[in-house]
Amino acid sequence: MTNDVAGKASPRSARPQRPEHAPKRQAGAAAPRRTTARRRSERTAWALALAALLAGCSSSSPAPKVTEPEPQQALIKFVASEYSTETKPLLEDIVSGFESLHPDIRVELQVVNWDILDGVYTNMLAQGEPPDLLNANFYAHFAADGLLNDLGEILPDSFLDNLQPSLLSRDTYKGQLAALPYVASVRSLYYNQDLLEQAGIAGPPRTWSELVEDARLVREGGHGEGFGIDMTDNEIHSYLSYFFYGAGGGWIKNGRWAIDQPANVEGLELLKSMYDAGLTDAEPWLKTRDEKQRILGGGGLAMMISGNYFSSVVPKEFPGLRWGRGPIPVKDGQPPMTFGVQDVLVSFKTGHTDPAALSAFIQYLYEDERYADMVRQEGFLPVTLSAGRLLSEADAEMRANLDDLDGARFVPIEQPRWSNVMDAARKLGSAVLQGRYSPQSALEELQTIAVKQD
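Using UniProt numbering, the first residue of the sequence shown is number 1, and each one after it goes up by one.
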């Protein structure tokens, strides 16, 4: 259009040239004057020409279409803990499937190793960009600080009614549903059957005295290390729990912290005495639970306490392993005890929180077939009633594990100071075994930390 306009003559130069044979005006003769009507006629002609020109340009360049702005996507930042090499691909498939059904919702998935999980979410909180969803093993201090969404207001009753009541009851803080059960496990004593038989032991120990004697027979017979103690960061609180509860103690008594009670001191003294006698692995604060499971599978360790995922993981890596399972040993005279663990899902308040998007994704994640497949591959127990029924139909071991879970003891994740106690316990475990703290003084320090008012 611009080039066409530039090529037209201006009105002043558009006057017709005089033909060569036209008579010339005599010099000195006055030029004839144009009449007013003629001038008006010329202006009208040029106006019509310009209008035609603009109309031609307009017809060749249609007006641009007005496009509606695309609706903004809802965002869910999901920080998930890495349980195994299966975790990331499993969750990536789930996220991909969800986004294909919900193009208006974007899920940013970050799968993080447990060893660095604390640092990752702490950094996000410090930057003012918390995750919308976090998979962890505690929640109450977040709830006490007012950082969490009330999931009871986000999720429908039909969904909440399908969760294991014994787990859900531990996830409420001051009337707010601060967390959801995510996955669960029950703990047992696992053993290398060949090593026990070589030491002349007919079956797994059920009491502390049997545990000490069996570990001694294994060691003295040169059949490997007797009993694995896990004092590493992510498991020390569980190992303390086995021997606190096994002595008749625990973390809480009559609704109050009671970490330094005599029963707990007795349980920690047992672990210290076994370590001093060489009946445990050499450096319990260095090798993780997964590493100990491999040592047991390879024939270097006779006994250890682990979760029900042992049966899904270790036999795959050591297909020829003859292994067995027994109850967690307890103090002589104490009744049998089961111990359970639940990891949870929490939702932080963010500047872009979208309750409808969160509800849609969580319900998709926990849908029966999808959730059951994830639990099965990771070796966990389901936290939904429907997935529990689905997985128990042809699996007697699953049914037994879920029964144990229903009556199990747990760590007090509903206590806001629990995360502080866990952090301190990580430092004190090796200190007790190495003699820098006595069991009594270590538990007194944990008690002081637990009851401290921020």
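Ideal Cβ positions, reconstructed from N, Cα and C, are used throughout, including at glycine.
| Asked | Found |
| --- | --- |
| Reference Val-421, options Glu-317, Ile-259, Gly-324, Met-398, closest by Cα | Ile-259 |
| Tyr-366, DSSP secondary structure in three states | coil |
| CA-to-CA distance, Leu-405 to Met-374, given in whole angstroms | 19 Å |
| Within 8 Å, strictly: CB atoms of Val-186 and Phe-348 | no |
| Minimum length 3: unbroken beta strand (DSSP E) runs contained in the region 181–249 | 225–228 |
| CA-to-CA distance, Val-344 to His-237, given in whole angstroms | 17 Å |
| Simplified DSSP assignment, three categories, for residue 459 | What is shown of the chain runs 1 to 454, which leaves residue 459 out entirely. |
| Where Glu-283 sits in the DSSP three-state scheme | coil |
| Given Glu-129 as reference, the closest of Glu-99, Ile-252, Ala-357, Thr-353 once Cα atoms are compared | Thr-353 |
| Beta-carbon proximity list for Thr-207, same chain, < 6 Å, skipping 5 on both sides | Pro-329, Asp-332 |
| Spatial neighbours of Ile-449 in its chain, beta-carbon cut-off 8 Å, leaving aside the 5 residues before and after | Arg-417, Asn-420, Val-421, Ala-424 |
| At least three beta-carbon pairs within less than 8 Å, the region 239–251 to the region 291–304 | no |
| Opening and closing residue of the alpha helix (DSSP H) in which Glu-317 lies | 310–317 |
| Chain-order list of residues whose beta-carbon lies under 6 Å from that of Ala-31 (same chain, five-residue window excluded) | At Ala-31 the pLDDT is 41, less than 50, meaning the model places this residue with poor confidence; the figure from the coordinates comes in the next sentence. Contacts found: none. |
| Own chain partners of Gly-307 with C-beta closer than 6 Å, once the 5 adjacent residues on each side are dropped | Ser-185, Arg-187 |
| Whole-Å CB distance - Leu-268 paired with Val-411, under 8 Å assumed | The pair is not a contact, with the Cβ atoms about 16 Å apart (cut-off 8 Å). |
| Contacting residues, own chain, Cβ-Cβ under 7 Å from Gly-388 (five flanking each side not counted) | Pro-382, Leu-402 |
| Buried versus exposed call for Pro-131 [16 or more other C-beta atoms within 10 Å across all chains shown] | buried |
| Contact set for Val-95: own chain, Cβ-Cβ below 7 Å, skip 5 residues either direction | Val-107, Leu-109 |
| Own chain partners of Leu-270 with C-beta closer than 7 Å, once the 5 adjacent residues on each side are dropped | Trp-208, Phe-243 |
| Per-residue DSSP class, three states only, for Ile-105 | strand |
| Length of the line joining the Cα atoms of Arg-170 and Pro-181 | 9 Å |
| Minimum C-alpha distance to Ala-357 - residue among Lys-427, Pro-89, His-102 | His-102 |
| Cα-Cα separation between Ile-201 and Ser-273, rounded to whole angstroms | 22 Å |
| Gly-297 to Asn-113 span [Cα, whole Å] | 23 Å |
| Backbone CA spacing between Leu-426 and Pro-284 [nearest angstrom] | Rather than Leu, the amino acid found at residue 426 in this sequence is Arg. Taking the straight line joining both Cα atoms gives about 12 Å. |
| 8 Å Cβ cutoff met for Tyr-275 and Ile-229 | yes |
| Close beta carbons around Leu-279, own chain, < 7 Å, minus the five adjacent residues each side | Val-212, Ala-215, Arg-216, Arg-219, Gly-226, Phe-227 |
| Distance between beta carbons of Gln-127 and Asp-150, contact taken as under 8 Å | Actually they are not in contact, since the Cβ atoms of Asp-150 and Gln-127 sit about 24 Å apart, beyond 8 Å. |
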